[in-house]
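In what follows, a structure is listed as C-alpha cells, so that the remarks can point back to it.
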C-alpha cells in the first residue's frame, strides 16, 4: 500500500516538474518571435543560425498541397537570402480571429492573405496592414498597370494596403449535352434573364433542374440583383443607408421564388438539408446549369466524378439586358504586409515574385492570377492543361478567364450584420413563413438599424 | 513538544485550527493557482473589456473604459433579446428531459441487463462523435427524403413538417438532438453516483418490505443528492453554453429560431467584431447562471446538513 | 413465492434490456452513418433516398487519411502526448482539491468554491483573446503546453470529485484519523479508492474533451509538426466545401482511442460496483 502511494506521489511530482521544465524551456526564446524557435529553424535546414537569412511567414488559408507548398519550395530554392514558411489558417471565424490576434500581437505573419473585403477592411482599420506605396515605388510596381484600373478602388486616402493576387469571374457552368438534346442554343456572353429563363425552362425535366445555385443564406435570391446593382448593392448609392427595399432586388427575389415554384430550381430547404453541391448537381446530371466557378477542379477529377459530356461556361445573366457592366469579375486573395513585420522589404520582394509569376502553381487549383504580366494563354494552359477536352475551351477563355471590368466593393459598413439579417429574413420567405414583401420590408428595417448602429 | 504542555487549551485549539486550515489550503493551493492563471485572469480581462470601447488599431492601449454603455445597449439589441428568450426555453426543456431520462437509464443500468457494457458504450458514443458528423447526419435524417419524414408518412401524416427547418419546431428539434448527445455521459455520472450508494441501505429497506418506489424515493434519491446537484448545475451551465451544433447545423436559423446566447456572443465577437459588446453579454450570462447556481447550492447545502 | 420472485426478476431484466437496447440503437445511429459515409465515394455521401451503407466496398478514404500526405501518425502522437499528460495531472489535482473542498474545513472554503463555480460559467469563447495574448507572454504559444497546462486545472473535475466525496460518510475518515492517519493518507488511501467510479468517469470525460479539443489547438498551435488530430481534421476541409467521406474516415480513426479508453476504464467501472457493495 505504502509503495503504491509513494509511486503515485513520485509520478505526480515528476509530471509537475516536467510541466514546469516545459514552460521554462519554451520561455527561453522569449515569446514574440516564434520564427526563431528551433522547430522552425530545423524545417528550413538550420540556415537561420548564420543570421543572414531572413525568415518570412506567409499566412494563407489555401491547403498546403493545393499550391502553396509548391510555391514556397520553388521560392526557397531560388532565393538564398530569404526563406518563406507557409502558415495555413482556416478561413472561418475562428481561423480569421487567430490571424487577427497574431497581427495585433506581433510581426510574425509578415505576409498575409485576406479572402474578402470585410476582413480586409477590418485589418486596414485595425492598423495591421502596412501602407505599401513606398515599397511599391522601390519595387517598381504600378498597381493600376499590373492589375487594371479597377484596383484603384482599393486606395484608402491615397494608399494601397494590399495587392490582389487573383481575378475571378463568377460564372455558370453548363452541360453541353443537355443543351444539344433539348435543342437549346448555347448561351452567349452577356445573355439576358429572359434568354436564361427560356433555356432553363426547356432544360428542366423529371429529375433534372434547369439551374442550380448553392444554399448560401439569402444569396440565391440576391445574386441576380447583384449583377445589376454592383458590388455595393446592399447600400444606397451615396453610401448613407441600406438599400434592400428596391425593385431590382424584389424582381431578383421573386424570380427565384418563381423558379423554385416551377421546379426549375431546387427548393431551398432541400438544398440545404441534403447538402447539395454544384459539383454533384452538374456532374451527376441532376442540373443543366450550375453556378460556381470553383467547381472546375471537380470537373477535372474524372475519377470521382466520371462524366461523358463537355462542360461549357456562361456569364450570369443580366436582369434587363440594357446594362453594359456585368459585375461578374472581382479581385481575390488580397495580399498584405503586416505593419509590424520586421522585414517589409523582403516581404515585398516575395510579394512581387509571387504576383509576377511565382503563383503559377496555384492556377491549376482554380486561383487565376490577376497580374497583367501573365500571358493569358499560358494561364489557360496552367488552369486546364491536360483536361482541356473536358470543356468548351473557347467559352473557358471568353467567360471563365475572360477579361471584364472588375467590380470592387468599397463599402463594408456593418456588412456581416446585414448579411445575417438578410439570411434570417429571406430564409423565412424561402420556407414559406413570410411573403417576399414582408421579408424585404423586415430586412430593410432591421439592416438599417444595424447600419446606423455601426456608424454611431 | 515540551512547551506544548504549558500552552493553554485555548491556544492549543487555535493552533489546531490554524493547522487544519493550513492542511486544507495545501490540498487546494495548486489547483487554485492554476485556475487563477488560466481562468480568472482572462476572465478579468473580459470583465474590463465589457466596460470599454476597444480601438484595435492601437492594440491593448486602445481599450478605453466607458462605463455601462455596453450593458445598457444590449437590452435594445434584438439578437441578444431573442437569444435570451430562446435559451431560457431551451434550458428548461433540456435540463428536465436530460435529467429524467438519464436518471432512469442509469437506474436500469445498475440492475441486471444483458449486454450492459455494450449499452453503456453505445449510449456514450454520441458524446464522442465529431460535431460535424452529428450535424450532417441530423440534417440528412430530418430532410424531406430522410427517414424521420418517411416514418411520419408511414403513420399517415400527409405532409410531415421538416422539424429543423420550420421556426415552430426547430428549437425543439435542436433540444432533442442535444439531449440525445449528452444522455450517455449524464447517465454515466448518475451511475457513478448510484454505485456509491451503500448496498446495506437497500438491504435494510428490503427487510422492511419496501417496494421499488419506496426505495427510489427514500433511499436512492436522497443519497444521490450531491450527484444530482452536480449534474443539475453542470447541465444548466451547459445548456447556456450550447454552441457547436448551432454553429454548424442551424446557424441560429431558420430566422432566429435557434439563435442562443453563446452562439450570439461568438458571432458578435468574431463575425461582427464587437468584442466589448460580446464580453458584456457574457458577463450577464455569467451572473444569471451564477445566481441560479447559488440558489441551488444553498438549497442543497441546507438539505445536506439536515440529513 | 421465491420462484415467483425470480420470475419477476427475469422479466424485469428482459424489459430493461429491451428498452436500453432500443435506446442504444438510436444512439449509435449517427455513428453507423459515419462508418457508412467513410466507406462511400464523395458524390454518394448524401445520396437520396437516404442510405446508411454503400453497396460497394471502398476503403480509399481510410488510405487517403492515413497515408503519408496528411501525416496522421505524427498528429496521433501529438494528441496522445497532450491528452495523457493533461488527464493524469488533472485527475490527481482534481481529486486532491475535491478532497479539500469536500472533507476539510478551513476559512473561506465555500467562498472559494463559489468563485470556482462562477468561473466555470463563462463561455470559453470569450476567453480566447486574453488567453492568446497571455500565452504569448508566457512563451507557451505554439507549444503543446498551451494545450496541456490549462487542461491540468479542470474546475469541472474538482466540482465532480467534491460532490462524490461528499457522498462518503464522514465516519470513515474519523476512524482513520483515530488510527493516526494524516489527511493526505486518508485522501489517497481511503477516499480515492472509494471514489473509483467517479474518478473513472472523470478520466473518460477529460480524455474525451482533451482528445477532441479543436478550438484551443486551432488558436494556440501554429507549426504543422505540433498539430493534434482535431486540427488535422481541418485538412480534409476544402476551401469551398467539406469532403464528408474523408472527414468521417478521419473521425472514425479519431474515435478509436476513446473507444479503447472507455472499454479499459469500463472494466474498473463495473468492478467498482462490487467494490462498492463490499466496502461496508
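Chains as they are written, first to last, in the working numbering: chain A, 1 to 456; chain B, 1001 to 1307; chain C, 2001 to 2280. Don't be surprised by glycine CBs; every beta carbon is placed ideally from N, CA and C.
For a quick check, are the C-beta atoms of residue i and residue j less than 8 angstroms apart?
i, j, result
"residue 287 (chain A)", "residue 252 (chain A)", "no"
"residue 1105 (chain B)", "residue 1205 (chain B)", "no"
"residue 1047 (chain B)", "residue 1283 (chain B)", "yes"
"residue 109 (chain A)", "residue 359 (chain A)", "no"
"residue 1145 (chain B)", "residue 1280 (chain B)", "no"
"residue 175 (chain A)", "residue 311 (chain A)", "yes"
"residue 1131 (chain B)", "residue 1245 (chain B)", "yes"
"residue 214 (chain A)", "residue 292 (chain A)", "yes"
"residue 313 (chain A)", "residue 173 (chain A)", "yes"
"residue 1116 (chain B)", "residue 1109 (chain B)", "yes"
"residue 2206 (chain C)", "residue 2087 (chain C)", "yes"
"residue 406 (chain A)", "residue 336 (chain A)", "no"
"residue 2021 (chain C)", "residue 2253 (chain C)", "no"
"residue 1129 (chain B)", "residue 2034 (chain C)", "yes"
"residue 464 (chain A)", "residue 412 (chain A)", "Not covered by the structure: residue 464 (chain A). The range shown for chain A is 1 to 456."
For residue i, count neighbouring C-beta atoms within 10 Å of its own C-beta (all shown protein chains included) and say buried if the count is 16 or more, exposed if not.
i, result
"residue 1256 (chain B)", "buried"
"residue 1299 (chain B)", "exposed"
"residue 322 (chain A)", "exposed"
"residue 1119 (chain B)", "buried"
"residue 1015 (chain B)", "exposed"
"residue 2212 (chain C)", "buried"
"residue 1011 (chain B)", "exposed"
"residue 209 (chain A)", "buried"
"residue 2004 (chain C)", "exposed"
"residue 1168 (chain B)", "exposed"
"residue 280 (chain A)", "buried"
"residue 1212 (chain B)", "exposed"
"residue 1065 (chain B)", "exposed"
Rounding to the nearest angstrom, what Cα-Cα distance links residue i and residue j in this structure?
i, j, result
"residue 343 (chain A)", "residue 1031 (chain B)", "43 angstroms"
"residue 1142 (chain B)", "residue 2055 (chain C)", "23 angstroms"
"residue 397 (chain A)", "residue 373 (chain A)", "17 angstroms"
"residue 379 (chain A)", "residue 295 (chain A)", "17 angstroms"
"residue 2010 (chain C)", "residue 1266 (chain B)", "52 angstroms"
"residue 1165 (chain B)", "residue 388 (chain A)", "42 angstroms"
"residue 1210 (chain B)", "residue 1201 (chain B)", "11 angstroms"
"residue 1269 (chain B)", "residue 113 (chain A)", "21 angstroms"
"residue 216 (chain A)", "residue 2151 (chain C)", "37 angstroms"
"residue 99 (chain A)", "residue 62 (chain A)", "14 angstroms"
"residue 2230 (chain C)", "residue 90 (chain A)", "13 angstroms"
"residue 272 (chain A)", "residue 423 (chain A)", "13 angstroms"
"residue 4 (chain A)", "residue 1238 (chain B)", "Note on residue 4 (chain A): pLDDT 47, under 50, position unreliable in the model; the coordinate value appears next. Looking at the two C-alpha atoms, the distance is approximately 37 angstroms."
"residue 1092 (chain B)", "residue 2156 (chain C)", "22 angstroms"
"residue 2012 (chain C)", "residue 1107 (chain B)", "12 angstroms"
"residue 257 (chain A)", "residue 417 (chain A)", "24 angstroms"
"residue 1139 (chain B)", "residue 334 (chain A)", "34 angstroms"
Give the DSSP bridge partners of residue i, in chain order.
i, result
"residue 85 (chain A)", "A:57"
"residue 329 (chain A)", "A:169 and A:406"
"residue 338 (chain A)", "A:129"
"residue 1063 (chain B)", "B:1054"
"residue 101 (chain A)", "According to DSSP, residue 101 (chain A) bridges with nothing at all."
"residue 205 (chain A)", "A:208"
"residue 1038 (chain B)", "Beta-bridge pairing links residue 1038 (chain B) to no other residue."
Kindly confirm or deny that the segment 2109-2117 of chain C and the segment 1018-1036 of chain B touch, where touching means at least three C-beta pairs closer than 8 angstroms.
yes
Is the segment 197-214 of chain A in contact with the segment 254-266 of chain A, if contact means three or more CB pairs nearer than 8 angstroms?
yes
So, does the segment 1224-1233 of chain B touch the segment 1076-1087 of chain B, judging by three or more C-beta pairs under 8 angstroms?
no
Would you be able to state if there are at least three C-beta pairs under 8 angstroms between the segment 1152-1162 of chain B and the segment 296-307 of chain A?
Between the segment 296-307 of chain A and the segment 1152-1162 of chain B, the count of C-beta pairs closer than 8 angstroms stays below three; the two stretches do not touch.
Between the segment 2219-2231 of chain C and the segment 2132-2143 of chain C, can you find at least three pairs of beta-carbon atoms closer than 8 angstroms?
Output reads yes: the segment 2219-2231 of chain C touches the segment 2132-2143 of chain C.
I want to know whether the segment 2164-2181 of chain C touches the segment 1035-1054 of chain B - three or more CB-CB distances under 8 angstroms.
No, the segment 2164-2181 of chain C is not in contact with the segment 1035-1054 of chain B.
Pair every Cβ in the segment 2089-2106 of chain C with every Cβ in the segment 2190-2209 of chain C, then say whether three or more of these pairs are closer than 8 angstroms.
yes
Is it a yes or a no for the segment 75-87 of chain A touching the segment 53-62 of chain A, going by three-plus beta-carbon pairs under 8 angstroms?
yes
Does the pairing of the segment 441-452 of chain A with the segment 238-248 of chain A give three or more beta-carbon distances under 8 angstroms?
yes
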